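Beneath this line is the structure, given in structure tokens, with notes to follow.
Residue numbers (this note's numbering): 32 to 500.
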């Protein structure tokens, strides 16, 4: 086989078990839509580069020391076609330039095509009160410490660490599938980014969120989307008890402070109740007592919800439902620790490539969640009993196995579903992190780096005659 034909065949790269969701036809569609199709025959066509960028995310945490290099990932992606003799693997520089040519638009369009819920209507743990359980929360991703990234994205907290990007995602609680996600520079708050997520919320959803987002945003989402909500609110939030229900919860309204004051004055003096314009809500106050050995912890929690009927949604069931909000934290752990790699940063050194890499990371995570959900549906279990770590490892094996056919995904699903996690148990853990043992001085960005290139001179000393005695 000639070197030219082997070089051209290097465009054939494989995503293994993920190709059912990220098929070549779909990649070609978004490439055409983005207008980045190559105009001449290249060693690295646009579709090959898209698969390569996704492959960087699949194999990001494959090495416990650091993310693997460009050429190593390319070798893994082309191992399915290892029968080609004289296969030319592009240089790291060529792959980097190809990423720049591709840009961010194809990955953003691809994410729009693959995002969305994955749970079937009869999926275990996916539905409550006849509504799809979803949750959203924010997180931060560490970026490569370059001047361009710092200028574009900034820092959260002190400027001594890495540049960071803020991400807010709306996820399906049962499958951890991403319904939508937005990210921007860390100067934008989670509340600002949530405003961009409102369009992804629909009637038939039950949206869970923490107390960080506030009741004003709650009212906006409830009014404009038709979705139902269960949010935690601060204990000192002002919600007058307009009607106490049989299950201990009470009805209230989100309204201006002057209307609350007028209503309290009328109730205190026995006057007729004045009108209370605003959004009607229900308040559920409850206490959680946790026993761990001899330690007892008590937490008082207040929830606000749009589920007004206690017959449909009893207070205790609402309180138990709020616990599912932690699935958003679990999904970030899978995305940042299991897939990206614990302690790793995004490798891209320019803002455009950072955007490209984040969209690729979200697409890859969504494809893995879909594969895990398919495995759960095959054996009829809650998707959360399917190990995400095993899903990643099996996916990598299907890419590097050197064989790809129509049974690849079937075999992958069988392997993933054969090793189930035990059912979730009641447990508690502290939100703490062990500090690293480090005696080195902190590296500061404003300090001039000393030159790293050095010249060493070795001179062998001649032995004297006295050394023989």
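Backbone N, C-alpha and C define an ideal beta-carbon position, used for all residues, glycine too.
Bear in mind the structure is a predicted one, so any value in this text is a computation, not a measurement.
Within 10 angstroms of its Cβ, does residue 488 collect 16 or more other Cβ (buried), or is it exposed?
Your numbering for residue 488 matches position 457 in the chain shown. The residue in question, residue 488, is exposed, as its Cβ has fewer than 16 Cβ neighbours within 10 Å.
Whole-angstrom distance between residue 121 and residue 74, CA atom to CA atom:
Position 43 of the chain shown, counted from the first residue, corresponds to residue 74. Position 90 of the chain shown, counted from the first residue, corresponds to residue 121. Roughly 8 Å between the two C-alpha positions.
Roughly how many angstroms separate the alpha carbons of residue 342 and residue 418, rounded to a whole number?
What you label residue 342 is simply residue 311 of the chain shown in a count that begins at 1. What you label residue 418 is simply residue 387 of the chain shown in a count that begins at 1. Cα to Cα, the separation comes out at about 36 Å.
Does DSSP classify residue 212 as helix, strand or coil?
Counting from 1 along the chain shown, the entry for residue 212 is found at position 181. The answer is strand: DSSP assigns residue 212 an E or B state.
Cβ-based burial, residue 439 [other Cβ within 10 Å; buried from 16]:
Translated into the one-based positions of the chain shown, residue 439 becomes position 408. By the neighbour-count rule (16 or more Cβ atoms within 10 Å), residue 439 is buried.
Does the Cβ of residue 267 have 16 or more other Cβ atoms within 10 Å, making it buried, or fewer, making it exposed?
Here the question's residue 267 lines up with position 236 in the chain shown. Flag for residue 267 reads exposed.
Can you tell me whether residue 255 is buried or exposed, with buried defined as 16 or more other CB within 10 angstroms of its CB?
Within the chain shown, numbered from 1, the residue matching residue 255 stands at position 224. With fewer than 16 Cβ atoms within 10 Å of its Cβ, residue 255 is classed as exposed.
Pick from 430, 178 and 210 that is closest to residue 199, judged by C-alpha positions:
Within the chain shown, residue 199 is the residue found at index 168, counting from 1. Considering only alpha carbons, the answer is 210.
Cβ pair residue 172, residue 395 closer than 9 Å:
As a working note, residue 172 is residue 141 in the chain shown. As a working note, residue 395 is residue 364 in the chain shown. Contact flag unset, no.
What's the C-alpha gap between residue 114 and residue 430?
Residue mapping note: residue 114 aligns to position 83 of the chain shown, counting from 1. Residue mapping note: residue 430 aligns to position 399 of the chain shown, counting from 1. Caution is warranted here: a pLDDT of 48 is assigned to residue 114, below 50, making its placement in the model unreliable, and the coordinate value is therefore given only provisionally. Going by the C-alpha atoms only, they are around 15 Å apart.
Spatial distance of residue 84 from residue 331 (CA atoms):
Your numbering for residue 84 matches position 53 in the chain shown. Your numbering for residue 331 matches position 300 in the chain shown. Taking the straight line from one Cα to the other gives about 46 Å.
Contact defined as beta carbons within less than 8 Å: I believe residue 290 pairs with residue 308. What is the distance between those atoms, to the nearest angstrom?
Working through the chain shown from its first residue, we reach residue 290 at position 259. Working through the chain shown from its first residue, we reach residue 308 at position 277. 7 Å between Cβ atoms; contact.
Any idea if residue 447 is buried or exposed, counting beta-carbon neighbours within 10 angstroms, 16 or more meaning buried?
Residue numbering aside, residue 447 sits at position 416 when the chain shown is read from its first letter. Residue 447 is buried by the Cβ-count criterion.
Alpha-carbon to alpha-carbon, residue 386 and residue 320:
Along the chain shown, read from residue 1 onward, the residue named residue 320 stands at position 289. Along the chain shown, read from residue 1 onward, the residue named residue 386 stands at position 355. Their backbone Cα atoms lie some 43 Å apart in a straight line.
Please report how far the alpha carbon of residue 358 lies from the alpha carbon of residue 58, in whole angstroms.
Start at 1 with the first residue of the chain shown, and residue 358 comes out as number 327. Start at 1 with the first residue of the chain shown, and residue 58 comes out as number 27. One C-alpha to the other measures close to 30 Å.
Ends of the beta strand (DSSP E) at residue 167?
Translated into the one-based positions of the chain shown, residue 167 becomes position 136. 162–173 is the span of the beta strand (DSSP E), which, as asked, contains residue 167.
For residue 242 and residue 265, believed in contact at Cβ under 8 Å, the rounded distance
If you number the chain shown from 1, residue 265 lands on position 234. If you number the chain shown from 1, residue 242 lands on position 211. With 8 Å as the limit, residue 265 and residue 242 qualify as a contact, their Cβ atoms being about 5 Å apart.
My guess is that residue 282 and residue 306 are in contact by the Cβ rule of under 8 Å, so how many angstroms apart are they, rounded?
Locating residue 282 in the chain shown gives position 251, counting from the first residue. Locating residue 306 in the chain shown gives position 275, counting from the first residue. Going by Cβ atoms, the distance from residue 282 to residue 306 rounds to 15 Å, so no, they are not a contact pair.
Taking C-alpha atoms, which residue in 380, 208 and 315 lies nearest to residue 399?
For the purposes of this step, residue 399 is taken as the residue at position 368 of the chain shown. Measuring from the Cα of residue 399, the nearest candidate turns out to be 208.
Runs of alpha helix (DSSP H) wholly within the stretch 64–117 (minimum 4 residues, chain order)
77–89 and 101–108
Sort 334, 444 and 382 by Cα distance to residue 352 and report the nearest one.
For the purposes of this step, residue 352 is identified with residue 321 of the chain shown, where counting begins at 1. When only C-alpha atoms are compared, the closest one is 334.
Check for me: the beta strand (DSSP E) holding residue 333 runs from which residue to which?
Here residue 333 refers to the residue found at position 302 of the chain shown. Residue 333 -> beta strand (DSSP E) spans 326–336.
Would you call the stretch 244–260 and the stretch 223–234 touching, i.e. three or more CB-CB distances under 8 Å?
yes
What separation, rounded to the nearest whole angstrom, lies between the Cα atoms of residue 222 and residue 483?
Walking along the chain shown from the start, residue 222 turns up at place 191. Walking along the chain shown from the start, residue 483 turns up at place 452. If you take the alpha carbons of residue 222 and residue 483, they lie about 44 Å apart.
What does the alpha-carbon distance come out to for the pair residue 216 and residue 245?
As a working mapping, residue 216 is identified with position 185 in the chain shown. As a working mapping, residue 245 is identified with position 214 in the chain shown. Approximately 21 Å, taken between the alpha carbons.
When 76, 82, 132 and 316 are compared against residue 349, the one with the closest alpha-carbon:
Walking along the chain shown from the start, residue 349 turns up at place 318. Residue 349 has its Cα closest to that of 316, out of 76, 82, 132 and 316.
Around the Cβ of residue 36, are there at least 16 other Cβ atoms within 10 angstroms (buried) or fewer (exposed)?
Indexing the chain shown from 1 puts residue 36 at position 5. Annotation note: pLDDT 38 at residue 36 (below 50); position unreliable, no value reported.
Please report how far the alpha carbon of residue 397 lies from the alpha carbon of residue 46, in whole angstroms.
Your numbering for residue 397 matches position 366 in the chain shown. Your numbering for residue 46 matches position 15 in the chain shown. Using only the alpha carbons, I get a separation of about 14 Å.
Counting Cβ pairs, one atom from each stretch, are 3 or more of them under 8 Å apart for the stretch 161–180 and the stretch 408–418?
no
Beta-carbon within less than 7 Å of residue 146's beta-carbon, same chain only, minus the 5 sequence neighbours each way: which residues are those?
Taking the chain shown and counting its residues from 1, one reaches residue 146 at position 115. Taken in chain order, the residues that qualify are 209, 210, 211 and 397.
Whole angstroms is fine: what's the gap from residue 87's alpha carbon to residue 238's?
Here residue 87 is taken as the residue at index 56 of the chain shown, counted from 1. Here residue 238 is taken as the residue at index 207 of the chain shown, counted from 1. Cα to Cα, residue 87 sits roughly 32 Å from residue 238.
Spell out a yes or no on whether the stretch 89–97 and the stretch 65–79 are touching, meaning 3 or more CB-CB pairs, one atom from each, closer than 8 Å.
no
Own chain, CB closer than 7 Å to residue 228, minus 5 neighbours either side, in chain order:
Indexing the chain shown from 1 puts residue 228 at position 197. Contacts found: 167, 199, 201, 211 and 213.
Buried or exposed for residue 344, please, with buried defined as at least 16 other CB atoms from any protein chain shown within 10 angstroms of its CB.
Within the chain shown, the letter at position 313 stands for residue 344. Buried.
From the DSSP secondary-structure annotation, give me the bridge partner or partners of residue 501.
Since the first and last residues shown for the chain are 32 and 500, residue 501 lies out of range.
Give me the residue from 299, 355, 71 and 445 with the minimum Cα distance to residue 425.
In the chain shown, residue 425 corresponds to position 394, counting from 1. The shortest C-alpha separation from residue 425 is found at 445.
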